[in-house]
Amino acid sequence: MEVSMKITKFKNAFKDFTDSVGLTFDPDEENYEEYQEESELAAPAPKFGLNNSTKEDVVPSFNNTIPKAEIKTPINNTVQEDCQTIFVNPKSFAECRKIADYIKNDKVVTLNLENVNGKDAQRILDFLSGAINIKEAKWIPISRNVFTSVPKNINFLYDGKNDLKQNTFLDIDHE
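Just so we're aligned, residue 345 is where the sequence shown starts under my numbering, counting upward by one.
Here it is as structure tokens:
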């Protein structure tokens, strides 16, 4: 495939995606937002001292309102979604696909492996670690056999003493 065909295919796929999520996209139209240079927006430097003021200096009025046509709203490109936490207590390796789908959808997943034998627990963690790696998320060990996956767009703070090793999830007790 030549490059122009790949670009056209990508543009069409991107257009299909943006249409499906309700955005408009015209791959041939160049959308640029106009902005003013900082020098145009900056107010003149304030004058200091007693002899620097003149009658022409304008004192700003806080009572004036800006007409709605002049108010510009910044564009926010991030989508704020409700953060969901899902607690799972798998019984076997067969439940991994459903758990991986939660991780794929950027959900916070707390995984309790207390009731799974050591070999299956290791397989589950190995499989889900692949999903974690793809999504650039991270595992947070909560206890010996309980872990929370945290998506990369969520900050995680832990308040307390953490006696667990960095690689705890690799050292699960085998029964």
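Every residue, glycine too, gets a C-beta built ideally from N, C-alpha and C.
Would you identify the three-state DSSP class for residue i, choosing helix, strand or coil?
{"i": "residue 347", "result": "helix"}
{"i": "residue 496", "result": "coil"}
{"i": "residue 469", "result": "helix"}
{"i": "residue 482", "result": "strand"}
{"i": "residue 501", "result": "coil"}
{"i": "residue 440", "result": "helix"}
{"i": "residue 353", "result": "helix"}
For residue i versus residue j, is the C-beta distance shorter than 9 Å?
{"i": "residue 465", "j": "residue 447", "result": "no"}
{"i": "residue 433", "j": "residue 449", "result": "no"}
As a quick exercise: from the options, pick the residue whose alpha carbon is nearest that of residue i.
{"i": "residue 430", "options": "445, 436, 355", "result": "445"}
{"i": "residue 440", "options": "481, 468, 483", "result": "468"}
{"i": "residue 435", "options": "451, 449, 450, 456", "result": "456"}
{"i": "residue 495", "options": "359, 463, 484", "result": "484"}
{"i": "residue 427", "options": "499, 347, 351, 346", "result": "499"}
{"i": "residue 487", "options": "480, 359, 454", "result": "454"}
{"i": "residue 491", "options": "477, 350, 452", "result": "452"}
{"i": "residue 461", "options": "477, 471, 489, 442", "result": "489"}
In terms of DSSP beta bridges, what is residue i paired with?
{"i": "residue 434", "result": "DSSP, once it has assigned bridges, lists no residue as partnering residue 434."}
{"i": "residue 459", "result": "Residue 459 is not bridged to any residue."}
{"i": "residue 454", "result": "431, 492"}
Residue i CB to nearest chain B CB: under 9 Å?
{"i": "residue 448", "result": "The structure shown contains no chain B; it is built from a single protein chain."}
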